[in-house]
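First the structure, in the form of structure tokens, and then the observations on it.
Protein chains in written order, with our numbering: chain V, 3 to 294; chain R, 11 to 121.
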């Protein structure tokens with residue numbers, strides 16, 4: 003009699019253990035599924051978030067940053083665009099782009115379609131290198147491969163070159179690809195993590211301003227939405243009194259929240275640009291832009 | 011008799027309290043030495059290096075470290091120690107931030 007009870011208890015115990023094991027496996031699978039990057043779903047959710055938050059703003063208009071958030075500012079911008087403050091940089095970029103290097107080659111030799119109308123495809127994941135390559139990085143690599151010294155990543159010449167290349171791509175939708183390579187997905191995920199990670203003494207992430215508070219004022223500035231924020235790069239900023247590249251934008255954001263910026267074109271910034279560009283896929287290139 | 015004992019005990023307690031206060035005040039008033047600064051600065055630098063390995067240094071840590079060095083160069087070791095300790099506290103906070111954000115970032119994600 004006592005033996006039967008023991009056997010029954012053992013069976014009950016084993017069943018309970020099996021059930022628990024099955025449940026925990028299921029939970030683990032769910033957790034894995036939740037953590038597995040899904041860029042397509044991310045981009046859809048990202049664009050939905052902004053279009054729902056600003057139902058009056060057309061999807062394509064998010065590339066105009068703070069000017070899409072505020073009617074008065076939009077009018078100012080329309081007037082400003084008649085005599086754009088970035089024109090000097092665009093002219094310089096065009097001139098630089100067509101001028102051959104000392105070896106006789108030029109930027110056109112380094113890029114598909116001679117570098118015209120290709121901005122929307124950058125950054126891309128280079129499967130040979132196993133890393134993200136941005137337009138700024140590709141330009142400096144082109145220079146170095148042709149025996150020229152690299153430019154500063156943050157302004158002046160680099161901004162001029164990228165301004166010209168963006169101008170030749172105006173209206174073309176961002177078309178960032180994530181190849182079927184686990185390293186590309188990892189780079190994308192690292193960029194996403196960087197975007198949402200709080201840093202600096204002010205404990206801000208990129209998302210604190212550009213997801214949670216676009217359209218709100220931070221001192222005198224109206225914060226831009228993260229959606230389409232890179233489509234307008236490079237930009238002339240009145241605050242800077244000059245042009246700035248994507249690198250300059252990331253570095254400045256980090257310093258403003260009292261974080262020590264990383265070096266321009268560090269892996270983190272390259273991955274961040276990859277993520278932010280990908281989630282704006284479909285929105286047109288509008289650079290070079292002007293911002294307050 | 012018992013009253014006298016109580017008073018004596020109270021006096022002893024008071025004397026001890028006074029001694030403790032004086033000892034405390036003396037230690038606060040004691041000037042920091044160059045050695046104190048070096049110890050405090052090394053601890054702050056080590057914490058800031060750890061923050062660098064996590065790619066999460068703060069500009070305010072660097073500013074406090076620079077202020078500590080400037081004070082030490084001017085011979086003001088009290089200020090140098092105070093700034094070093096501030097730098098260490100800031101660096102430790104940045105390490106805490108980087109560590110907690112390893113998972114916490116997901117809470118902000120648009121899904």
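Glycine included, every Cβ here is placed at the ideal spot set by N, Cα and C.
* Asked: Touch check for the segment 111-127 of chain V and the segment 270-277 of chain V: three-plus C-beta pairs under 8 Å?
  -> yes
* Return the CA-CA distance between residue 120(R) and residue 53(V), expressed in angstroms with no decimal places. => 13 Å
* To do: Taking residue 137(V) as the reference, give the member of 243(V), 240(V), 256(V), 233(V) with the closest Cα.
  => 233(V)
* Only counting runs of 4 or more residues, tell me where the alpha helix (DSSP H) segments fall wholly within the segment 95-174 of chain V, in order along the chain. => 137-147, 158-169
* With DSSP as the reference, label residue 218(V) as helix, strand or coil. => coil
* Chain-ordered chain V contacts of residue 120(R) [CB-CB under 7 Å] -> 47, 48, 51, 213
* Compute the Euclidean distance between the alpha carbons of residue 255(V) and residue 108(V), then round it to the nearest angstrom. => 33 Å
* Cβ of residue 103(R) less than 9 Å from any chain V Cβ? -> yes
* To do: Could you please give the first and the last residue of the uninterrupted alpha helix (DSSP H) stretch that includes residue 287(V)?
  => Residue 287(V) -> no alpha helix (DSSP H), and no H or E assigned at all.
* Asked: So, is residue 199(V) buried or exposed, given that buried needs 16 or more other C-beta atoms within 10 angstroms?
  -> buried
* Check each residue of the segment 62-81 of chain R: if its Cβ is closer than 7 Å to any Cβ of chain V, include it; give the result in chain order. => 65, 66, 67, 68, 69, 70, 72
* State whether the segment 101-119 of chain V contacts the segment 222-236 of chain V, with contact taken as three or more CB pairs (one from each stretch) at a distance under 8 Å. => no
* Asked: According to DSSP, which residues form a beta bridge with residue 91(R)?
  -> DSSP lists no partner for residue 91(R).
* To do: Give the residues of chain R in contact with residue 264(V), contact being defined as C-beta atoms less than 8 Å apart.
  => 65
* Asked: Can a CB atom of chain R be found closer than 9 Å to the CB of residue 27(V)?
  -> Reliability fails at residue 27(V), whose pLDDT of 43 lies under 50, so the model's placement of it is uncertain and no value is given.
* Closest by CA to residue 81(R), which one among 40(R), 96(R), 90(R)? -> 90(R)
* Please state whether DSSP places residue 67(V) in a helix, a strand or coil. => helix
* To do: Could you tell me which of 42(V), 223(V), 88(V), 79(V) sits nearest to residue 236(V), measuring between CA atoms?
  => 88(V)
* Asked: Should residue 107(R) be flagged as near chain V, meaning a C-beta pair shorter than 9 Å?
  -> yes
* the segment 191-214 of chain V: positions lying closer than 7 Å to chain R by Cβ -> 195, 198, 199, 200, 201, 202, 203, 205, 207, 209, 213
* Look up residue 223(V) in the DSSP assignment and give the residues it is bridged to. => 220(V)
* With distances taken Cα to Cα, identify the nearest neighbour of residue 105(R) among 49(R), 79(R), 71(R), 50(R). => 71(R)
* **Contact under 9 Å by Cβ, residue 208(V) with residue 220(V)** => no
* Asked: In chain V, which residues lie with their C-beta within 7 Å of the C-beta of residue 111(R)?
  -> 199, 200
* To do: Using a Cβ-Cβ cut-off of less than 7 Å, give me the residues of the segment 255-288 of chain V that come near chain R, in sequence order.
  => 257, 260, 261, 262, 264, 270
* **Per-residue DSSP class, three states only, for residue 32(V)** => Here the model assigns residue 32(V) a pLDDT of 42, short of 50, so the residue's position is not dependable and the matter cannot be decided.
* Look at the Cβ atom of residue 56(V), then the Cβ atom of residue 216(V), and state whether they are nearer than 9 Å. => yes
* At a cut of 8 Å, does the segment 89-96 of chain V reach the segment 144-155 of chain V through at least three beta carbon pairs? -> no
* Check whether the Cβ atoms of residue 259(V) and residue 173(V) sit closer than 9 Å, and answer yes or no. => no
* When the Cα of residue 257(V) is compared with those of 204(V), 284(V), 110(V), which residue comes out closest? -> 204(V)
* How would you call residue 169(V), buried or exposed, if buried means at least 16 neighbouring beta carbons within 10 angstroms? -> buried
* Hey, would you say residue 294(V) sits closer than 9 Å to residue 224(V), going by beta carbons? -> yes
* What first and last residue would you give for the beta strand (DSSP E) that runs through residue 200(V)? -> Run containing residue 200(V): none; DSSP gives neither H nor E here.
* To do: With DSSP as the reference, label residue 235(V) as helix, strand or coil.
  => coil
* **Same chain, Cβ closer than 7 Å to residue 166(V), neighbours up to 5 away in sequence not counted** => 92, 95, 96, 99
* **For residue 49(R) and residue 132(V), the rounded distance between their alpha carbons** => 43 Å
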